[in-house]
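Here's the structure, in structure tokens; my notes come after.
In the working numbering, the protein residues as written are 4 to 551.
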């Protein structure tokens, strides 16, 4: 307790009458706590420079997570205010993802060819403006149009952050780093479910959209000012203990792409690109027919996509992870309605249950990256594919009692465990996709994955909502009704959602099957990417490893 402000202790013990003194002391305590947490985070991730990059990238994903969760959290208010049902609520979530899927392919091309940081900052500004338009929409049609505009600018985040993460952090720790970054997406979902959901319930759903829009302007400014554009291909790695993010000099635009390295260089070294090193040590050879020997910057979009989708483990991982996102998108959109109707609880209790789900998802996200990185360092190369496969399959089993139970406790603990397992699959898979692609294709590879994933996420609310409505039409009219302080969740709606969730658990099982099949070809694909990976070139045109 020695670190706590002394003035706060005095104010508490003596019953200080001056409110300003107590407020000042409270402010000092909050600043102390903020400094302590900041120091712990900096130490955990390896220095101030790394912490800044990770936190800002996590904040970018938090915006998208908060937006997606907010639509589901304010579903009861949207139902009453706009006189819409579950299908149209699902459409509001779907259009953002659908438009984002359309735009993500050309965005991936830009990410591989232009400066990524200005592109990312501009997209966040446009995202905030679109959120403000959502707040002032006067009808369902107006809100739908605003969501269409928002979807067009969300396509940048996935490809840009994947490419930048690969350039800033080496393979040996990308699982852990991605866990921290994806933790922002989960934290954003918590903010959307709890804070924006409460604001929508107490004030208005319009205020919730305004609350989402404001942080984006500050985030875009901070990204543009403090995170410089790194050199591509791992030439701007942030080493542990780095105090500042160095401004990388621009490489000459006409510098030729280095030839594919051979021998020991093809593995990327024993530590820098650990996955490729492990693949070489275990005797996995590159596929000569698929070794990239041309400058990826000059590849057309069509030829780049053909190369990306020809990597067998890549498209298997794309399908598997997209099915996982499909289920989670549908679950999060209708979770609040289901919790209220199935467990017969009000706003506060349902938000507490959702908070436990988000907490479980955050724990799963943060744990899996470190676990799979450790397994990789011990030579278990396939861990980045097999661990997610097991997580999806086990999640389908764990979620069953939570969905079937009529009592919030202990059902919510099963739901939280399921959310943890679903989220745990994402960090190792994101790291694995970078391992099987040459650096010059990271943006387009992520855009291809984001395109499929966004389509699946866009379909999820529509399919979940439509199937729930169809099943609800057959539900018995005399079934009990779940009540809450601000209205009713009909028994037919609850029944429809319950059976929809149960049926859609099959998508998690299928996701696990696809990922399990990917582990067979994954090691050779890692070796093939290592053979295509160019040696780092210094800005002057010399090899970075050629000496000084």
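The C-beta atom is built at its ideal place from N, Cα and C for all residues, glycine as well. Note that this is a predicted model, so its numbers are computed, not measured.
Can you tell me the Cα-Cα spacing of residue 531 and residue 469, whole angstroms? 44 Å
Go ahead and pull the three-state DSSP assignment for residue 91. helix
Close Cβ partners of residue 508 (< 6 Å) along its chain, the five nearest in sequence each way excluded: 399
CB-CB under 6 Å to residue 511, same chain, minus the five flanking residues each way: which ones, in chain order? 330, 395, 398 and 399
By the 10 Å Cβ neighbour count, where 16 or more other Cβ atoms means buried, how is residue 477 classified, buried or exposed? exposed
Could you spell out the range, first to last residue, of the alpha helix (DSSP H) harbouring residue 291? Premise fails: residue 291 is in no alpha helix (DSSP H) and is neither H nor E.
Can you tell me whether residue 3 is buried or exposed, with buried defined as 16 or more other CB within 10 angstroms of its CB? Residue 3 falls outside the range modelled here, since the chain spans only 4 to 551, and no answer is possible.
Going by the CB atoms, is the gap between residue 302 and residue 435 shorter than 9 Å? no
Please name the residue, chosen from 235, 112 and 101, that lies closest to residue 148 on a Cα-to-Cα basis. 101
Nearest residue (CA-CA) to residue 431, options 241, 116 and 185: When 241, 116 and 185 are compared, the shortest CA-CA separation from residue 431 is found for 185.
From residue 411 to residue 290, what distance separates their C-alpha atoms? In a straight line, the C-alpha of residue 411 is about 52 Å away from that of residue 290.
Flag this pair as yes or no: are the beta carbons of residue 459 and residue 448 separated by less than 9 Å? Result no, Cβ atoms of residue 459 and residue 448 do not sit closer than 9 Å.
Classify residue 322: buried if its beta carbon has 16 or more other beta carbons within 10 angstroms, exposed otherwise. buried
Nonlocal neighbours in the same chain, by C-beta distance under 7 Å from residue 513, ignoring five residues either side: 326
Contact check, residue 208 vs residue 308 under 8 Å by CB: the rounded distance? The pair is not a contact, with the Cβ atoms about 39 Å apart (cut-off 8 Å).
Would the segment 186-195 and the segment 352-369 be scored as touching if the rule is three or more Cβ pairs under 8 Å? The segment 186-195 and the segment 352-369 touch, with no fewer than 3 CB-CB distances between them shorter than 8 Å.
Taking only three categories from DSSP, how would you classify residue 426? Here residue 426 sits in helix by DSSP.
Let me confirm a value: residue 221 is counted as buried when at least 16 other C-beta atoms fall within 10 Å, else exposed. Which label applies? Per the 10 Å Cβ criterion, exposed.
In the DSSP assignment, find the unbroken alpha helix (DSSP H) run with residue 175 in it and report its ends. Counting along the chain, residue 175 falls outside any alpha helix (DSSP H), and DSSP gives it neither H nor E.
Which value, in whole angstroms, describes the spacing of the CA atoms of residue 67 and residue 157? Rounded to whole angstroms, residue 67 and residue 157 show a C-alpha spacing of 7 Å.
Is residue 169 closer than 9 Å to residue 442 when the C-beta atoms are compared? yes
Which word fits residue 12, buried or exposed, when buried means at least 16 other C-beta atoms lie within 10 angstroms of its C-beta? Any reading at residue 12 must be qualified, since the residue scores a pLDDT of 47, below 50, and its modelled position is unreliable; the value itself is stated next. Its Cβ having fewer than 16 others within 10 Å, residue 12 is exposed.
State the Cα-Cα distance for the pair residue 240 and residue 276, rounded to the nearest angstrom. 12 Å
On the three-state DSSP scale, how would you describe residue 207? For residue 207, the secondary structure class from DSSP, reduced to helix, strand or coil, is coil.
In this structure, does DSSP put residue 501 in helix, strand or coil? helix
Out of 529, 246 and 500, state which residue places its alpha-carbon closest to the alpha-carbon of residue 50. 246
Classification of residue 111 by the beta-carbon crowding that lies within 10 angstroms, buried from 16 upward: buried
What runs of the alpha helix (DSSP H), each 4 residues or longer, lie entirely inside the segment 337-400? Along the segment 337-400, the alpha helix (DSSP H) occurs as fully enclosed runs of 4 or more residues at 350-380, listed in sequence order.
Work out the CA separation of residue 464 and residue 407 for me, nearest whole Å. 21 Å
To the nearest angstrom, how far is it from the Cα of residue 138 to the Cα of residue 210? 7 Å
For residue 476, does the three-state DSSP call read helix, strand or coil? coil
Just list the beta strand (DSSP E) runs in the segment 86-139, keeping only unbroken ones of 3 residues or longer that don't cross its boundaries, in chain order. Taking 3 residues as the shortest admissible run, the segment 86-139 contains no complete beta strand (DSSP E) segment at all.
Quick check on residue 202: does DSSP put it in helix, strand or coil? helix
Kindly indicate which residue of 452, 424, 438 and 83 has the alpha-carbon position closest to the one of residue 103. 452
For residue 233, report the span of its alpha helix (DSSP H) as first-last. Segment: none, residue 233 is in no alpha helix (DSSP H) and carries neither H nor E.
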